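Student: If you read the protein sequences in the order shown, they are chains V and C. Heads up: the first sequence is residues 1227 to 1583, going by the working numbering. Heads up: the second sequence is residues 1227 to 1583, going by the working numbering. Think of the CB as a built atom: it goes at the ideal place given N, C-alpha and C, for glycine as much as any other residue. All of these numbers come straight from a predicted model, not from anything done at the bench.
Protein chains: 2
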Amino acid sequence: MSVTLKDVAAAAGVSRSTASRALSGSSLIAAETRALVEEAARRLGYRPNRAASSLRSRQSHLIGLVVGNLVNASFHTIAEVVQRRAAAEDYQMMLYITDADPRREETILKTLGEHGVDGLILIGTGSNAAASNALLASGTAVVNLIRGATESAAPTVLAADRDGAHEATRHLLELGHRRIGYIGGPSDTNSGRERFAGYEQALREHGLPIDERLIERGPFEPAFGSSATDRLLRRVPEMTALLAANHEAVFGVLPALAAAGVRVPDDLSLICYEDISWLRWWHPPVTVVDNGARELGELAMDLLLQQLERDRGKVPPARNGRTYRVGAQLIQRGSCAPPRDQGDDLSASRPGRDGTR
Amino acid sequence: MSVTLKDVAAAAGVSRSTASRALSGSSLIAAETRALVEEAARRLGYRPNRAASSLRSRQSHLIGLVVGNLVNASFHTIAEVVQRRAAAEDYQMMLYITDADPRREETILKTLGEHGVDGLILIGTGSNAAASNALLASGTAVVNLIRGATESAAPTVLAADRDGAHEATRHLLELGHRRIGYIGGPSDTNSGRERFAGYEQALREHGLPIDERLIERGPFEPAFGSSATDRLLRRVPEMTALLAANHEAVFGVLPALAAAGVRVPDDLSLICYEDISWLRWWHPPVTVVDNGARELGELAMDLLLQQLERDRGKVPPARNGRTYRVGAQLIQRGSCAPPRDQGDDLSASRPGRDGTR
DNA sequence: CCCGCCATTGGGATCGATTGCAGAACCGGA
DNA sequence: TCCGGTTCTGCAATCGATCCCAATGGCGGG
Chain V
1227 MSVTLKDVAA AAGVSRSTAS RALSGSSLIA AETRALVEEA ARRLGYRPNR AASSLRSRQS
1287 HLIGLVVGNL VNASFHTIAE VVQRRAAAED YQMMLYITDA DPRREETILK TLGEHGVDGL
1347 ILIGTGSNAA ASNALLASGT AVVNLIRGAT ESAAPTVLAA DRDGAHEATR HLLELGHRRI
1407 GYIGGPSDTN SGRERFAGYE QALREHGLPI DERLIERGPF EPAFGSSATD RLLRRVPEMT
1467 ALLAANHEAV FGVLPALAAA GVRVPDDLSL ICYEDISWLR WWHPPVTVVD NGARELGELA
1527 MDLLLQQLER DRGKVPPARN GRTYRVGAQL IQRGSCAPPR DQGDDLSASR PGRDGTR
Chain C
1227 MSVTLKDVAA AAGVSRSTAS RALSGSSLIA AETRALVEEA ARRLGYRPNR AASSLRSRQS
1287 HLIGLVVGNL VNASFHTIAE VVQRRAAAED YQMMLYITDA DPRREETILK TLGEHGVDGL
1347 ILIGTGSNAA ASNALLASGT AVVNLIRGAT ESAAPTVLAA DRDGAHEATR HLLELGHRRI
1407 GYIGGPSDTN SGRERFAGYE QALREHGLPI DERLIERGPF EPAFGSSATD RLLRRVPEMT
1467 ALLAANHEAV FGVLPALAAA GVRVPDDLSL ICYEDISWLR WWHPPVTVVD NGARELGELA
1527 MDLLLQQLER DRGKVPPARN GRTYRVGAQL IQRGSCAPPR DQGDDLSASR PGRDGTR
């Protein structure tokens, strides 16, 4: 029913092989023949049949992106970047959502195999190294992103979570803060562990003890951010700064602070993790640690395209599980200030706003 | 290199045709033969080659989802729903991002054709009805979502934007508000027009005039929300309620209100459009109009699967461009209250918080 | 003037699964 | 025992593009 290569060949008065070569940019073809075929293809509105093409050539021109969810700002930024890059290189992106469920992830990896994706970017649960290695072995390009799996043979792109948290904490310390609250993710996650380590390290470097009362770690949910904030405020009223290193929790932290009448940065300096566009519209604009979602996506695509290139050249080199890091960046805005005088009476200064309308 | 149907057939001691029929759930096959083949397939770890399958059967088991971006909460909710449903029905989802650029959209629609997607859900720019109709004609199932294209022959699923804005406005009117501000999207968009119409209608039904000074319409950006809020507060200090019907602008409206020291709902009642999970964690929890993103996605998938089913049954019935609406829902939380006494002196009552906690 | 090389082109097999059609096996009834 | 019918199975063609291999034609050098 639709126009096939055979039709184009007939219209151009050449054979199918010649037509194929002309359109696939092969070098062993006369320039004028190519022009002839291209013209015929255009005239007939020829659209190649990808199924046939990938059946024969074993290249699907499909890449898969597996993410935990799309709500997380970093994830959908990455999805946008990957889709854009893929399209530019004539690859199509199939998107999969695991909900952080290893079983769903496993199913997805199998399906990906069936469809013969050429490449795969995996923001994984970390528990399916075997399945992803199987794909690698069968010739699929694989890149792990954000969450590394130790036994994976594929390259891994990680955020510099430890550095980011370290830098943020140090910034607060250098402003003079000594009682710095921490709201983070669970310790069985990569980012939860690393960011906490950065916070700890910075304190230690300043010779400060780790005060458990200043620390709240819990699930990636707004509700947790809200309750954690309340607990911190109640437990340690003399806290002068807060590092909110759990992205989802930030949505609960901000309103909880507002509800408690805490003024930022007058009463409390605040740094949030992961840059979400609207945090710059906050009042005051919030200082954040940008984990570089865009760059993470770009680097992962670079590595994937490299592998893809190599596979086409049929030079499968020593695969390695090298790890790359994308640096974090502290973006200073208006939510941090030196702590006020310690002797200050909190309750006296809180009720009034400073009135700048 | 990998296991093919031929291998399975050999292992089970049957022909390729029989093996194929056994695995594809054909009815003309003996139960025990099927069991035999299935067992062999499992044992060998057979994974069908989708490219070959779709070449022959003309079914790609691929569906496309085209969205403008992934930042908008409704869009990524829809992406999640569609992906989930698709996976359950053994379809794979390819995701495309247009950035609301009609030219990109056109390219994407063509590519979708090449890959022979079985179906397509299009949150379009509205300007490529021709291309999508071409797909429809070539046997691809198509559903338009959120943004309708008048000349499209495919069914369309829309949000009840007019009703939603109408209900929200009426709610404010019934609480006693008379000066209700409106921040909305540009009038060349579907939602921008419809929501404004709902606002207008409600006012008219209450015999109130449309006051241009209370109205701000602009781009889907946080920055616009912020500046629009400032302008409204300055221009009409006696405004007692605000309907923020521009989703992206909400991110600017909330901080702008906080910055201006406006208390919600004491000084101003507030309703936002589109339910974003963390608005319930706001202080106070924000009353919203839920446009039903989840239901929009579900209904679009239902319609798509229906078409897909029909195509398999080879009963292409009268295609029609019927339009469906998913009702909006007012979710009342804590950001609305009756207006305070008109004679009240605003400046006198503002400094103190009402002291809870 | 003939030979051989290079640059192109065409023929036809091939990728792996699906499917129309023909035929085998089996059943019961006459 | 034979026949018609039903149920299941196998053969072989097919989908559309790719690519190995052989063939063609032109041209320069010996």
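Cβ closer than 9 Å: which chain V residues qualify as neighbours of TYR1322(C)?
Tutor: Working through the second sequence from its first residue, we reach residue 1322(C) at position 96. In chain order: GLN1309, ALA1313, GLN1318 and MET1319.
Student: Considering only the alpha carbon of each residue, which of GLY1547(C), ALA1470(C), ARG1329(C) and ALA1482(C) lies closest to PRO1412(C)?
Tutor: Along the second sequence, one-based indexing puts residue 1412(C) at 186. Ranking the options by Cα distance to PRO1412(C), first place goes to ALA1470(C).
Student: Which of the three DSSP states, helix, strand or coil, is assigned to ALA1467(V)?
Tutor: Here residue 1467(V) corresponds to residue number 241 of the first sequence, with the count starting at 1. Here ALA1467(V) sits in strand by DSSP.
Student: Can you find at least 3 beta carbon pairs, one from the stretch 1294-1304 of chain V and one from the stretch 1265-1277 of chain V, that sit closer than 8 Å?
Tutor: Because the criterion of three Cβ pairs below 8 Å is not met, the stretch 1294-1304 of chain V and the stretch 1265-1277 of chain V do not touch.
Student: In chain order, what residues of the same chain have a beta carbon less than 8 Å from the beta carbon of GLN1558(V), not counting five sequence neighbours either side?
Tutor: Position 332 of the first sequence holds residue 1558(V). Excluding positions up to five away in sequence, the list reads HIS1397 and THR1513.
Student: Less than 8 Å between the CB atoms is what I'm expecting for ALA1305(C) and LEU1296(V), so what's the real figure, rounded?
Tutor: The residue given as residue 1305(C) occupies position 79 in the second sequence. The residue given as residue 1296(V) occupies position 70 in the first sequence. Indeed, because the Cβ distance is near 6 Å, the residues count as touching under 8 Å.
Student: Using beta-carbon positions only, say whether ASN1517(V) and GLY1390(V) come within less than 8 Å of one another.
Tutor: Within the first sequence, numbered from 1, the residue matching residue 1517(V) stands at position 291. Within the first sequence, numbered from 1, the residue matching residue 1390(V) stands at position 164. Taking 8 Å as the Cβ cut-off, ASN1517(V) and GLY1390(V) qualify as a contacting pair.
Student: Evaluate contact between the stretch 1476-1488 of chain C and the stretch 1421-1428 of chain C, counting only Cβ atoms and requiring at least three cross-stretch pairs below 8 Å.
Tutor: no
Student: Please go through the same chain and pick out, in chain order, the residues whose beta-carbon is closer than 6 Å to the beta-carbon of VAL1541(V), but skip the five residues on each side of it.
Tutor: Along the first sequence, one-based indexing puts residue 1541(V) at 315. Annotation note: pLDDT 49 at VAL1541(V) (below 50); position unreliable, no value reported.
Student: So, with DSSP's three-state summary, where would you put ASP1456(V)?
Tutor: As a working mapping, residue 1456(V) is identified with position 230 in the first sequence. It is helical.
Student: How is the beta strand (DSSP E) around GLU1442(V) delimited, first residue to last?
Tutor: As a working mapping, residue 1442(V) is identified with position 216 in the first sequence. 1441-1443 is the span of the beta strand (DSSP E), which, as asked, contains GLU1442(V).
Student: Is any non-hydrogen atom of the ligand GTP found closer than 7 Å to the C-beta of TYR1550(C), if you look at the structure I gave you?
Tutor: Ligands are entirely absent from the displayed structure, and the ligand GTP is therefore not among its contents.
Student: Within the chosen definition, does the stretch 1480-1500 of chain C reach the stretch 1444-1458 of chain C through at least 3 CB pairs nearer than 8 Å?
Tutor: Cβ pair count under 8 Å is three or more, so yes.
Student: Suppose contacts are defined by Cβ-Cβ distances below 8 Å. Is GLY1342(C) in contact with SER1283(C) by that definition?
Tutor: Here the question's residue 1342(C) lines up with position 116 in the second sequence. Here the question's residue 1283(C) lines up with position 57 in the second sequence. Contact flag unset, no.
Student: Which word fits ILE1409(C), buried or exposed, when buried means at least 16 other C-beta atoms lie within 10 angstroms of its C-beta?
Tutor: Counting from 1 along the second sequence, the entry for residue 1409(C) is found at position 183. Buried.
Student: Could I get the ranges of all uninterrupted beta strand (DSSP E) runs contained in the stretch 1267-1328 of chain V, with 3 residues as the minimum, in chain order?
Tutor: 1288-1293 and 1318-1323
Student: Mind checking the stretch 1500-1525 of chain C against chain V and listing, in chain order, the residues whose C-beta falls within less than 7 Å of any C-beta there?
Tutor: SER1503, TRP1504, TRP1507, TRP1508 and HIS1509
Student: What residues from chain C crowd round ASN1275(V), counting only those whose CB sits closer than 8 Å?
Tutor: For the purposes of this step, residue 1275(V) is taken as the residue at position 49 of the first sequence. Per Cβ cutoff of 8 Å: LEU1281, GLU1340 and GLY1342.
Student: Which word fits LEU1254(C), buried or exposed, when buried means at least 16 other C-beta atoms lie within 10 angstroms of its C-beta?
Tutor: Position 28 of the second sequence, counted from the start, is the residue given in the question as residue 1254(C). Counting Cβ neighbours within 10 Å, LEU1254(C) comes out exposed, since fewer than 16 surround it.
Student: Let me check understanding here. Comparing Cα to Cα, which of ALA1486(C), ALA1380(C), ALA1360(C) and ALA1375(C) lies closest to VAL1368(C)?
Tutor: As a position in the second sequence, residue 1368(C) is number 142, starting the count at 1. Considering only alpha carbons, the answer is ALA1380(C).
Student: Does the beta-carbon of ALA1238(V) have 16 or more other beta-carbons within 10 angstroms, so that it is buried, or is it exposed?
Tutor: Mapped onto the first sequence, residue 1238(V) falls at position 12. With 16 or more Cβ atoms within 10 Å of its Cβ, ALA1238(V) is classed as buried.
Student: Quick one, which of ARG1311(V), ILE1323(V), GLU1377(V) and PRO1564(V) has its alpha-carbon nearest ALA1314(C)'s?
Tutor: Along the second sequence, read from residue 1 onward, the residue named residue 1314(C) stands at position 88. Here the closest residue by C-alpha is ILE1323(V).
Student: Please state whether DSSP places LEU1398(V) in a helix, a strand or coil.
Tutor: Within the first sequence, numbered from 1, the residue matching residue 1398(V) stands at position 172. Looking at LEU1398(V) - three-state DSSP - the assignment turns out to be helix.
Student: Measure the C-alpha to C-alpha separation of LEU1531(V) and GLU1524(V) and round it to an integer number of angstroms.
Tutor: The residue labelled residue 1531(V) in the question sits at position 305 within the first sequence. The residue labelled residue 1524(V) in the question sits at position 298 within the first sequence. About 10 Å.
Student: Which value, in whole angstroms, describes the spacing of the CA atoms of LYS1336(V) and ASN1354(V)?
Tutor: Locating residue 1336(V) in the first sequence gives position 110, counting from the first residue. Locating residue 1354(V) in the first sequence gives position 128, counting from the first residue. If you take the alpha carbons of LYS1336(V) and ASN1354(V), they lie about 11 Å apart.
Student: Any beta carbon of chain C sitting closer than 8 Å to that of PRO1481(V)?
Tutor: Taking the first residue of the first sequence as 1, we reach residue 1481(V) at position 255. Yes - at least one Cβ of chain C is within 8 Å of the one on PRO1481(V).
Student: My output table needs one value for ILE1255(V): the three-state DSSP class, helix, strand or coil.
Tutor: By one-based count along the first sequence, residue 1255(V) stands at place 29. Reduced to three states, the DSSP call for ILE1255(V) is coil.
Student: Along the beta strand (DSSP E) that carries ASP1516(C), what are the first and last residues, could you check?
Tutor: Indexing the second sequence from 1 puts residue 1516(C) at position 290. Residues 1513-1516.
Student: Could you pull the start and end residues of the alpha helix (DSSP H) that LEU1483(C) belongs to?
Tutor: Counted from its first residue, the second sequence places residue 1483(C) at position 257. Taken as a continuous stretch (DSSP letters only), the alpha helix (DSSP H) holding LEU1483(C) covers 1473-1485.
Student: According to DSSP, is ARG1404(V) part of a helix, a strand, or is it coil?
Tutor: Translated into positions along the first sequence, residue 1404(V) becomes position 178. In this structure, ARG1404(V) counts as coil in the three-state DSSP scheme.
Student: Can you name the residues of chain C whose CB is closer than 9 Å to the CB of VAL1297(V)?
Tutor: Taking the first residue of the first sequence as position 1, residue 1297(V) is located at position 71. ALA1299, HIS1302, THR1303, GLU1306 and SER1503, listed in chain order.
Student: What is the DSSP secondary structure of GLY1451(V), reduced to helix, strand or coil?
Tutor: Here residue 1451(V) is taken as the residue at index 225 of the first sequence, counted from 1. GLY1451(V) falls in the helix class under three-state DSSP.
Student: Thinking C-alpha only, which one of ALA1245(V), GLY1433(V) and LEU1468(V) is nearest ILE1497(V)?
Tutor: For the purposes of this step, residue 1497(V) is taken as the residue at position 271 of the first sequence. Of the candidates ALA1245(V), GLY1433(V) and LEU1468(V), the one whose C-alpha sits nearest the C-alpha of ILE1497(V) is LEU1468(V).
Student: Please list, in chain order, the chain V residues whose beta carbon lies closer than 8 Å to that of SER1358(C).
Tutor: The residue you call residue 1358(C) lines up with position 132 of the second sequence. Chain V residues near SER1358(C): none, gap ~15 Å exceeds 8 Å.
Student: Beta-carbon separation of GLY1350(V) and VAL1292(V) under 8 Å?
Tutor: Position 124 of the first sequence, counting from 1, holds the residue named residue 1350(V). Position 66 of the first sequence, counting from 1, holds the residue named residue 1292(V). Cβ atoms of GLY1350(V) and VAL1292(V): closer than 8 Å.
Student: If the cut-off is 8 Å on Cβ atoms, which residues from the stretch 1451-1475 of chain V count as contacting chain C, listed in chain order?
Tutor: GLY1451 and SER1452
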